[in-house]
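Those sequence lines, one after another, are chains A and B. Terminal number for the first sequence in my numbering: 453, no gaps in between. Terminal number for the second sequence in my numbering: 453, no gaps in between. Okay, structure first, notes after.
Number of protein chains: 2
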Amino acid sequence: MERKVAVVGVGQSAFSRSCGISIRELCFEAFKEAMDGLNLSPKEIDASIVCSAPEYDKQRTPSGLIAEYLGLTPKPTFLVETICASSTTGVGVAFSFIKAGIKDVVAVIGFQKMSELTSAEAQERMGRGGDIMWESPFGIMMPAQYAMYARAHMKQYGTTEEQLAKVREKNSKYGALNPKAVFRKEVTVEDVLKSRVIASPLKLLDCCANADGASCIILASEEKAKKITDTPVWLVGWGSASDTMTLANRTLLTGLTCAIEAAKDAYKMAGVEPKDIDVAEVHDCFTIAEIMAYENLGFCKPGEGGKLIEEGQTYVGGKIPVNADGGLLSKGHPIGATGGSQVRTIVHQLRGEAHKIHPSIQVQGAETGLVHNVGGVGLYANVLIFRR
Amino acid sequence: MERKVAVVGVGQSAFSRSCGISIRELCFEAFKEAMDGLNLSPKEIDASIVCSAPEYDKQRTPSGLIAEYLGLTPKPTFLVETICASSTTGVGVAFSFIKAGIKDVVAVIGFQKMSELTSAEAQERMGRGGDIMWESPFGIMMPAQYAMYARAHMKQYGTTEEQLAKVREKNSKYGALNPKAVFRKEVTVEDVLKSRVIASPLKLLDCCANADGASCIILASEEKAKKITDTPVWLVGWGSASDTMTLANRTLLTGLTCAIEAAKDAYKMAGVEPKDIDVAEVHDCFTIAEIMAYENLGFCKPGEGGKLIEEGQTYVGGKIPVNADGGLLSKGHPIGATGGSQVRTIVHQLRGEAHKIHPSIQVQGAETGLVHNVGGVGLYANVLIFRR
Numbered sequence: 066m067e068r069k070v071a072v073v074g075v076g077q078s079a080f081s082r083s084c085g086i087s088i089r090e091l092c093f094e095a096f097k098e099a100m101d102g103l104n105l106s107p108k109e110i111d112a113s114i115v116c117s118a119p120e121y122d123k124q125r126t127p128s129g130l131i132a133e134y135l136g137l138t139p140k141p142t143f144l145v146e147t148i149c150a151s152s153t154t155g156v157g158v159a160f161s162f163i164k165a166g167i168k169d170v171v172a173v174i175g176f177q178k179m180s181e182l183t184s185a186e187a188q189e190r191m192g193r194g195g196d197i198m199w200e201s202p203f204g205i206m207m208p209a210q211y212a213m214y215a216r217a218h219m220k221q222y223g224t225t226e227e228q229l230a231k232v233r234e235k236n237s238k239y240g241a242l243n244p245k246a247v248f249r250k251e252v253t254v255e256d257v258l259k260s261r262v263i264a265s266p267l268k269l270l271d272c273c274a275n276a277d278g279a280s281c282i283i284l285a286s287e288e289k290a291k292k293i294t295d296t297p298v299w300l301v302g303w304g305s306a307s308d309t310m311t312l313a314n315r316t317l318l319t320g321l322t323c324a325i326e327a328a329k330d331a332y333k334m335a336g337v338e339p340k341d342i343d344v345a346e347v348h349d350c351f352t353i354a355e356i357m358a359y360e361n362l363g364f365c366k367p368g369e370g371g372k373l374i375e376e377g378q379t380y381v382g383g384k385i386p387v388n389a390d391g392g393l394l395s396k397g398h399p400i401g402a403t404g405g406s407q408v409r410t411i412v413h414q415l416r417g418e419a420h421k422i423h424p425s426i427q428v429q430g431a432e433t434g435l436v437h438n439v440g441g442v443g444l445y446a447n448v449l450i451f452r453r
Numbered sequence: 066m067e068r069k070v071a072v073v074g075v076g077q078s079a080f081s082r083s084c085g086i087s088i089r090e091l092c093f094e095a096f097k098e099a100m101d102g103l104n105l106s107p108k109e110i111d112a113s114i115v116c117s118a119p120e121y122d123k124q125r126t127p128s129g130l131i132a133e134y135l136g137l138t139p140k141p142t143f144l145v146e147t148i149c150a151s152s153t154t155g156v157g158v159a160f161s162f163i164k165a166g167i168k169d170v171v172a173v174i175g176f177q178k179m180s181e182l183t184s185a186e187a188q189e190r191m192g193r194g195g196d197i198m199w200e201s202p203f204g205i206m207m208p209a210q211y212a213m214y215a216r217a218h219m220k221q222y223g224t225t226e227e228q229l230a231k232v233r234e235k236n237s238k239y240g241a242l243n244p245k246a247v248f249r250k251e252v253t254v255e256d257v258l259k260s261r262v263i264a265s266p267l268k269l270l271d272c273c274a275n276a277d278g279a280s281c282i283i284l285a286s287e288e289k290a291k292k293i294t295d296t297p298v299w300l301v302g303w304g305s306a307s308d309t310m311t312l313a314n315r316t317l318l319t320g321l322t323c324a325i326e327a328a329k330d331a332y333k334m335a336g337v338e339p340k341d342i343d344v345a346e347v348h349d350c351f352t353i354a355e356i357m358a359y360e361n362l363g364f365c366k367p368g369e370g371g372k373l374i375e376e377g378q379t380y381v382g383g384k385i386p387v388n389a390d391g392g393l394l395s396k397g398h399p400i401g402a403t404g405g406s407q408v409r410t411i412v413h414q415l416r417g418e419a420h421k422i423h424p425s426i427q428v429q430g431a432e433t434g435l436v437h438n439v440g441g442v443g444l445y446a447n448v449l450i451f452r453r
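What follows is the structure, given as structure tokens:
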């Protein structure tokens with residue numbers, strides 16, 4: 066018998082540039098929100114999965130520390146990492162545990178405290194996310210890599226800098242309404258175009274920022290879910306894929322192969338198509354990343370992502386609302402916490418609770434939602450599909 | 066329908082103090098041995114799980130790099146970490162993927178290249194595996210922590226330094242026959258007692274050593290396993306548990322609570338009892354750890370571990386042969402690779418292939434085998450049970 070898997074609780078800390086608290090306390094903030102209102106005690110959680118990119122932490126092997134602090138000892142706990150996609154990988158592993166009948170209730174806790182590092186340290190470690198033998202020693206860094214994708218996209222499809230900037234304009238509109246976002250100021254296409262160049266064609270406001278933050282997603286089997294909450298949201302599809310770490314070995318530079326593969330598997334498992342998705346959270350670490358996501362997820366054809374944002378189709382009220390919580394561009398990007406924050410937003414949307422944050426961000430009647438979370442420069446991707 | 070899960074391939078690199086090759090090449094050595102003789106191409110592997118304690122690596126997010134090098138892209142890959150127990154956590158996650166029907170064939174690759182760090186760097190990072198706010202700044206390190214357990218065990222049960230030393234004598238006998246072990250010299254109880262004190266009562270030869278190495282375990286569903294190999298070994302039980310990171314919060318100091326809990330769950334899932342185990346690999350990072358493992362796994366009563374080794378019951382031919390490959394004490398301990406190496410030995414034993422390494426290490430007619438793998442000072446534990 067197929068076991069169904071539900072999300073029963075979602076939580077996140079405030080995302081900030083520098084939280085000033087310990088990682089255990091940061092994770093507790095997210096855990097507390099996720100547990101709020103549930104008929105569930107920490108002792109009833111069968112396993113915890115901690116998600117972070119550990120080279121940014123001073124505490125080694127944080128899962129043991131966090132599980133202890135949250136009262137989850139002696140149940141199993143471990144760390145899962147796919148850099149920026151870590152917490153959706155964690156959700157996928159939790160999904161498997163429950164589907165396999167090995168565990169009934171699993172907590173997935175993602176976090177990152179980037180403020181413990183200087184900017185130079187963070188950059189150096191980020192560079193090590195590329196192949197340290199053949200590529201990163203030659204200086205290619207994250208913004209430059211995404212800038213290459215942007216250039217290729219502009220060259221092949223005529224995508225414009227204004228279209229990129231429009232992504233930030235949209236996301237800043239929603240970010241301004243999100244009390245847990247780092248950046249809560251609306252910016253215009255003009256503001257983006259006038260901001261300083263980071264790696265042409267990407268400018269400062271085309272890029273998301275490092276942040277501190279934590280997220281928590283609690284999943285349960287159907288039987289348990291019905292006891293724990295009245296508002297379960299069903300996780301019905303998970304697709305995951307990777308690409309070569311070495312950019313020189315990539316076959317596609319106008320989209321992310323791993324996201325295309327992950328989406329294909331997730332749609333197949335869920336038995337739905339792109340047109341069935343009512344609301345989505347996509348990994349907009351750079352504005353170009355959101356435009357490629359539209360295409361890689363099948364919300365439009367390859368090359369038509371620029372037009373989709375230009376026409377306003379990804380605003381709430383449009384054909385497919387994307388990042389109605391402000392996205393990474395507004396919320397900030399605490400690496401291991403990001404995917405969990407995306408899941409939280411989609412769960413709020415499917416529960417019809419997003420209107421509590423602001424009426425203008427609730428996608429009315431949303432039944433099917435999607436999360437697209439990417440690790441590195443298209444090195445890893447997870448696509449998750451949820452139904453209410 | 067319950068899906069059965071088999072181990073179809075096992076491999077490991079030579080373990081060494083300094084391998085002098087890149088991590089990708091090190092992992093390839095293990096992968097190649099695991100794939101040898103299988104009716105399986107890398108393209109048929111549905112997912113890979115890379116296991117390492119990442120703070121010891123210069124390469125960040127190694128799973129993407131290794132998956133690419135082994136030809137496993139674009140299938141999903143991610144990192145799993147429970148320090149020294151990482152690769153058995155990886156095997157557990159792979160088991161879940163297959164049991165859930167999400168994947169059919171999964172490769173688990175564990176590695177560590179400790180030689181990239183100076184001894185001072187390695188020690189500093191190891192210290193960070195304790196609570197860096199409340200404990201490790203005060204200087205308590207790994208050998209001292211296990212020494213505390215040894216002292217408590219000696220005080221409560223009368224365990225002697227000679228009994229501890231006897232564990233090393235036994236394991237060195239088998240290590241001398243293992244072509245992939247770091248230490249291949251037999252040592253006596255007297256040698257151990259005469260070696261310099263590290264943290265009393267533990268002396269140099271009571272301690273395992275850092276090493277470089279990789280391991281690879283390939284798992285498959287029953288249907289696939291029968292096509293891939295004629296000698297599947299069935300993974301029938303997995304138990305996993307944690308304990309508090311803060312030693313001050315531990316309730317037991319004469320055994321590892323997490324190992325007791327993990328064993329209970331593994332026996333239950335497998336439907337077997339301690340007396341049914343024909344051969345075992347246990348986590349002997351220090352000699353005291355092997356004695357506690359005997360007790361925590363139920364091979365003898367609490368407090369009787371010293372007597373069990375003194376009577377020679379854990380030699381091949383004894384009541385329950387343990388670490389017939391030399392254990393961590395002889396093989397060396399490349400953190401992320403260790404659990405996979407233990408699984409490889411048990412699979413060799415159950416296939417009846419251990420005699421190829423040396424006739425005196427094959428446990429005749431072994432049908433049920435056990436792996437006990439611990440992370441940190443009893444912070445995490447996995448127990449796996451296999452049947453031929």
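Every residue gets a Cβ at the ideal spot worked out from N, C-alpha and C, and that includes glycine. As the structure is a computational prediction, the values presented were derived from the model and not from experiment.
What span of residues does the alpha helix (DSSP H) with residue i cover, start to end?
i               : result
G404 of chain A : 403 to 416
V257 of chain B : 254 to 259
H218 of chain A : 207 to 222
Helix, strand or coil for residue i? Go by DSSP, reduced to three states.
i               : result
I131 of chain B : helix
S265 of chain B : coil
T147 of chain A : strand
V347 of chain A : coil
C323 of chain B : helix
A185 of chain B : helix
N243 of chain B : coil
V158 of chain B : helix
Can you give the Cα-Cα distance for residue i and residue j, rounded to whole angstroms?
i               : j               : result
S81 of chain B  : F248 of chain B : 9 angstroms
K455 of chain B : E326 of chain B : Residue 455 of chain B cannot be examined here, being either before or after the span of chain B that is shown, 66 to 453.
K235 of chain B : E200 of chain B : 34 angstroms
C350 of chain A : A99 of chain A  : 25 angstroms
S106 of chain A : I88 of chain A  : 22 angstroms
G136 of chain A : A150 of chain A : 26 angstroms
L258 of chain A : E376 of chain A : 19 angstroms
V337 of chain B : T319 of chain B : 25 angstroms
D256 of chain B : Y445 of chain B : 31 angstroms
When the Cα of residue i is compared with those of the options, which residue comes out closest?
i               : options                        : result
S237 of chain A : A:T225, A:R452, A:Q228, A:E251 : A:E251
E109 of chain A : A:R409, A:L284, A:P244         : A:L284
S152 of chain A : A:C84, A:V115, A:G417          : A:V115
P119 of chain A : A:A402, A:R68, A:G336          : A:A402
T459 of chain A : A:G440, A:V72, A:L258          : No answer is possible for residue 459 of chain A: the residues shown for chain A start at 66 and end at 453.
F96 of chain A  : A:T316, A:G278, A:H413, A:C365 : A:G278
A71 of chain A  : A:K292, A:E338, A:V428         : A:K292
G304 of chain B : B:G85, B:A328, B:I163, B:P339  : B:A328
P367 of chain B : B:E375, B:E376, B:I356         : B:I356
G155 of chain A : A:T296, A:E375, A:V173         : A:V173
K289 of chain B : B:A331, B:V158, B:N388, B:K164 : B:K164
A185 of chain A : A:P297, A:S78, A:M206          : A:M206
P339 of chain A : A:Y359, A:I353, A:G320         : A:Y359
V428 of chain B : B:N388, B:M213, B:A331, B:A306 : B:N388
T322 of chain B : A:T138, A:R125, A:S113         : A:T138
I131 of chain A : B:T311, B:M213, B:I422         : B:T311
Counting only the same chain and skipping the five closest in sequence on each side, list residues whose C-beta sits under 7 angstroms from that of residue i.
i               : result
Q378 of chain A : K384, I385
Less than 6 angstroms between C-beta atoms, sequence neighbours within five positions excluded: which residues of the same chain meet that for residue i?
i               : result
V436 of chain B : E346, Q407, V408, I411, L449
Spatial neighbours of residue i within its chain, please: CB distance less than 8 angstroms, with the 5 preceding and 5 following residues excluded, ordered by chain position.
i               : result
Y121 of chain A : Q177, K178, M179, E181, L182, A187, R190, I400
K123 of chain B : E181
If I follow the unbroken beta strand (DSSP E) through residue i, where does it start and stop?
i               : result
F248 of chain A : Note, F248 of chain A: premise wrong, no beta strand (DSSP E); not H, not E.
C116 of chain B : 112 to 116
C281 of chain A : 277 to 286
T433 of chain A : 433 to 440
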